[in-house]
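Novice:
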Amino acid sequence: MPQIIVCPHEMTALSAAHGFSMITRQAQMVLVHVDVGTQNLGCSVHNAARSRIPVIIIAGLSPSTVNEDQTGHRTEFIHYTQDSTRQHEIVSQYMKWFYELRSGAMAHEVLARGIQIASSCPQGPVYLTGARELWEEKSSTNTLNLSHWSIPEPLGFSDSKASELVEALMTSQRPLIITSYLGRHTPSVLALKQLVEKIGIAVCEVNPQYMNFPGDHACHIGYKRNSLVDEADLILLLDVDVPWIFSKVTPSEHCAVFMIDIDVQKHGLGFWHFPSQKSWQADTFSCISSMNQQLQNKCIDQSLFASRIEWIEKAKQSLKLPDMPALPDDRIHLQDLCKAVKELINEKTILLFESPTATERLLFTLEMNQPGSYFANGGSGLGWGINAAIGAKLAQPQSEVISFVGDGSFIFGVPSSTYWVGKTYDTPQLTIVVNNRGWNAPKTSTLLVHPKGQAQTHDTYWITTGHESRFADIAQAAGGAKAYRVTHLSKLGSSLQEALSLVRSGQSAVVDVVLPAISKQTLGHSTQTFNT
Ligand SMILES: Cc1ncc(C[n+]2csc(CCOP(=O)(O)OP(=O)(O)O)c2C)c(N)n1
Ligand SMILES: [Mg+2]
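Using the working numbering, you'd call the opening residue of the sequence shown number 2 and step up by one each time.
(1) Taking the alpha carbon of Leu196 as the reference point, which residue from Ser161, Arg226, Ile301 has its own alpha carbon closest?
(2) Got a sec, what are the start and stop residues for the beta strand (DSSP E) Lys279 sits in?
(3) Which term fits Met23, buried or exposed, when burial requires 16 or more other beta carbons within 10 angstroms of its beta carbon?
(4) Identify the residues that DSSP records as bridge partners of Ala510: which are they?
(5) Touch check for the region 219-226 and the region 315-323: three-plus C-beta pairs under 8 angstroms?
(6) For ligand 2, which residues have a Cβ under 6 angstroms from at least one heavy atom, in chain order?
(7) So, Ser287 versus Ala192, is the Cβ gap smaller than 7 angstroms?
(8) Can you tell me whether DSSP reads Met96 as helix, strand or coil?
(9) At what residues does the alpha helix (DSSP H) containing Asp262 begin and finish?
(10) I'd like to know if the region 434-444 and the region 15-32 are in contact, where contact means that at least 3 CB-CB pairs between them fall below 8 angstroms.
(11) Could you tell me whether the Cβ atoms of Val250 and Val230 are closer together than 7 angstroms?
(12) May I ask you to check if the CB of Thr358 is nearer than 6 angstroms to at least one heavy atom of ligand 1?
(13) Can you tell which of Ile57, Glu355, Val402, Asn388 has its C-alpha closest to the C-alpha of Gly373?
(14) Given the structure, does Ser381 come close to ligand 1, in the sense that its CB is under 6 angstroms from one of the ligand's heavy atoms?
(15) At which residues does the alpha helix (DSSP H) containing Ile313 begin and terminate?
(16) In its own chain, which residues sit with a C-beta less than 8 angstroms from the C-beta of Ile333, not counting the 5 before and 5 after it?
(17) Could you give the DSSP three-state label for Leu102: helix, strand or coil?
(18) Any heavy atom of ligand 1 closer than 6 angstroms to the CB of Cys44?
(19) In chain order, what residues of the same chain lie with their CB nearer than 6 angstroms to the CB of Cys122, ignoring the 5 residues before and after it?
(20) By DSSP, does Asn436 sit in helix, in strand, or in coil?
(21) Below 6 angstroms, is the gap between the Cβ of Phe365 and the nearest heavy atom of ligand 1?
(22) Kindly indicate which residue of Gly382, Gln336, Thr66 has the alpha-carbon position closest to the one of Ser16.
(23) Closest by CA to Val67, which one among Trp463, Phe259, Ile57, Phe78?
(24) Using a Cβ-based criterion (distance less than 6 angstroms to any ligand heavy atom), does Ala413 qualify as near ligand 1?
(25) Going along the chain, which residues of its own chain have a beta-carbon closer than 8 angstroms to the beta-carbon of Gln457, five neighbours each way excluded?
(26) Report the option in Gly157, Ala341, Gln83 whose CA atom is closest to the CA atom of Asp284.
(27) Alpha carbon to alpha carbon, what distance is there between Tyr95 and Gly271?
(28) With respect to the alpha helix (DSSP H) encompassing Gln294, which residues constitute its N-terminal and C-terminal limits?
(29) Less than 8 angstroms between the CB atoms is what I'm expecting for Ile179 and Ile236, so what's the real figure, rounded?
(30) Leaving out the 5 sequence neighbours to the left and right, which residues in its chain are closer than 6 angstroms to Ala396 when beta-carbon positions are compared?
(31) Starting from Leu363, trace the alpha helix (DSSP H) both ways and give me its first and last residue.
(32) Report all residues from its chain with a CB closer than 6 angstroms to the CB of Ser120; omit the five preceding and five following residues, and keep chain order.
(33) Exposed or buried, Glu348, counting other C-beta atoms within 10 Å across all chains shown (16 or more means buried)?
(34) Return yes when the Cβ of Gly409 is within less than 7 angstroms of the Cβ of Trp440, no when it is not.
(35) Mapping the DSSP letters down to three states, classify Leu239 as helix, strand or coil.
(36) With respect to the alpha helix (DSSP H) encompassing Tyr81, which residues constitute its N-terminal and C-terminal limits?
Rendered as structure tokens:
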């Protein structure tokens, strides 16, 4: 019997399954109510697809029969209004496979096929439906021999391809690796470290979904997209969706770009293209391992190695994130918060990150270096973090789970559902709300397009959502979480430490950390002066 976690909101269910699968790589099942339940999954469907998460979503279909002899027939008016004609179309473009069960006798087999498809690489969600009458039928009594439903292995990497790449790396002057999700398989991190140290390669993590390469390593050049792209003479893209932004930077004419990706064509995305002279759909771990093996017998040119390391060291200096100036009146800025979070990290920490405009500062400050200690959403549907934390804790009960989320992301996460589940199923988390009083990312996006436009001149960004809300109290009311609201730097460290010790004792805690407001605009009919 699988463990059943009842979630009051579908966003919690699929995001928690996402968090669990991110760690275990095992497919999870999420059951939802017909068309309306499917719609309430909302952006967690996009997230599962973009993050290549193995999950089987099962939704009922309204019963189709009206005859009382048929078990499961229509018994309520709602069976008419919920009988949509193409329910699967709500989510089909995000699914690796979707299918309607046509006979209850085949339920086991169809499910096994769903698991097989979702779990094979590149992994992803599948969607199964079936009318009530079918679920009422007897399924076959034969138990499935699951060993006959093996998951197809990802493609390997031939010796000749490995040697082509090894030669190119060994003779390069300024090699750069860009990655986002290589660390989903934790042994890949060590394999990459071995390769990097042997050759001397700069590594940049862009929007990392996992801990891919130790943040404190001498060859880690940081988390800023576009870094060194125009300087490198060899770029190796390893499991990454968007390595750079064309309008900001392009590789030099003489740069060789290679790509190894579990999903090299990204056929789930619309327009997508990054130039590469060779690209391989393959499992990165086995590719790097073959390269490492070949390198064991190779002699590295020491003067080339030294010049590569010198280039990396210089780049690291220039890419350092400058310190933020201290704020007056004991107020807290993002850097203070990131430094305080660093004090909480230990070998048991699992950090779930969803605070869009804090990405670089947090990663730069924390320098996470334990494989499997850091997770972020590969999609962009906000509300994932606090719910994925439930799945992370279920997957690794001994861990200390911290979700670091923006105030907007906290609201998107339907916290009234999250913290109830957390309490009911003993999955305590420490949530840190980065409360800049609104949506900073859309403000930044606006300024990228119109740096001196109306919004900038008049401070009319329309992004000051929930600026006076008491976010932590929601979690307290819904699931008995301990609520903190911190406005002063002198109280920050002690509040976070106290909150973490409560989490260790089994109670969730939410620390709402109030940072300077990103806009002074008041919304609605409020005449209240904006408290910055
Ligand atoms: C469900 C959803 N709605 C809207 C967006 C667009 N969006 C991207 S970032 C962002 C702001 C999020 O606010 P917050 O979590 O407070 O982070 P901040 O931008 O302040 O760093 C919004 C609304 C989105 N990505 N997902
Ligand atoms: Mg915000």
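In this text, a Cβ means the ideal position worked out from N, Cα and C, and glycines have one as well.
Please read all numbers here as calculations on a predicted model, not as lab measurements.
Specialist: Let's see:
(1) Ranking the options by Cα distance to Leu196, first place goes to Ile301.
(2) Counting along the chain, the beta strand (DSSP E) containing Lys279 begins and ends at 279-282.
(3) Counting C-beta atoms within 10 angstroms of its own C-beta, Met23 has 16 or more neighbours from the protein chains shown and is therefore classed as buried.
(4) DSSP output for Ala510 lists Leu431, Lys483 as bridge partner(s).
(5) Yes, since at least three Cβ pairs between the region 219-226 and the region 315-323 fall closer than 8 angstroms, the two stretches touch.
(6) Any residue whose Cβ sits closer than 6 angstroms to a heavy atom of ligand 2 makes the list: Gly407, Asp408, Gly409, Asn437, Gly439, Trp440, Asn441.
(7) Their beta carbons are not under 7 angstroms apart, which means Ser287 does not touch Ala192 by this criterion.
(8) Assignment of Met96 by DSSP, reduced to helix, strand and coil, places it in the coil class.
(9) In this chain, Asp262 is not harboured by any alpha helix (DSSP H); it is covered by the beta strand (DSSP E) spanning 257-262.
(10) Because the criterion of three Cβ pairs below 8 angstroms is not met, the region 434-444 and the region 15-32 do not touch.
(11) With contacts defined as CB atoms closer than 7 angstroms, Val250 and Val230 qualify as a contacting pair.
(12) Thr358 Cβ: within cutoff of ligand 1.
(13) Residue Val402 is the option with its Cα nearest to Gly373.
(14) Checking every heavy atom of ligand 1 against the Cβ of Ser381, one is found closer than 6 angstroms.
(15) First-last of the alpha helix (DSSP H) with Ile313: 303-320.
(16) Only residues of its own chain outside the window of five on either side were considered, and among them Val487, Thr488, His489, Leu490, Leu493, Val514, Val515, Leu516 have a CB closer than 8 angstroms to the CB of Ile333, listed in chain order.
(17) Note: Leu102 maps to coil in three-state DSSP.
(18) Distances between the C-beta of Cys44 and the heavy atoms of ligand 1 include at least one below 6 angstroms.
(19) For Cys122, where only same-chain residues beyond five positions count, the Cβ hits under 6 angstroms are Pro155, Ile263.
(20) Here Asn436 sits in strand by DSSP.
(21) Answer for Phe365: no, Cβ out of range of ligand 1.
(22) Closest by alpha carbon: Gly382.
(23) Ranking Trp463, Phe259, Ile57, Phe78 by Cα distance to Val67 puts Phe78 first.
(24) According to the sequence as given, residue 413 is Phe; it is not Ala. Placement of the Cβ of Phe413 at a distance of less than 6 angstroms from at least one heavy atom of ligand 1 is found.
(25) Same-chain partners within the cutoff: Thr447, Leu448, His451.
(26) Relative to the Cα of Asp284, the nearest Cα in the group Gly157, Ala341, Gln83 belongs to Gly157.
(27) Gly271 and Tyr95: Cα-Cα distance of roughly 12 angstroms.
(28) It spans 285-296 - the alpha helix (DSSP H) in which Gln294 sits, taken as one unbroken run.
(29) Contact between Ile179 and Ile236 is confirmed by a C-beta separation of about 7 angstroms, below the 8 angstroms threshold.
(30) Taken in chain order, the residues that qualify are Phe21, Ile24, Thr25.
(31) Residues 360-367.
(32) Within the same chain, and ignoring the five residues on either side of Ser120 in sequence, the residues whose Cβ sits closer than 6 angstroms to its Cβ are Ala28, Pro55, Ile152.
(33) The residue in question, Glu348, is exposed, as its Cβ has fewer than 16 Cβ neighbours within 10 Å.
(34) Yes. Within cutoff.
(35) In this structure, DSSP gives Leu239 an extended state, which the three-state scheme calls strand.
(36) Its alpha helix (DSSP H) spans residues 79-82.
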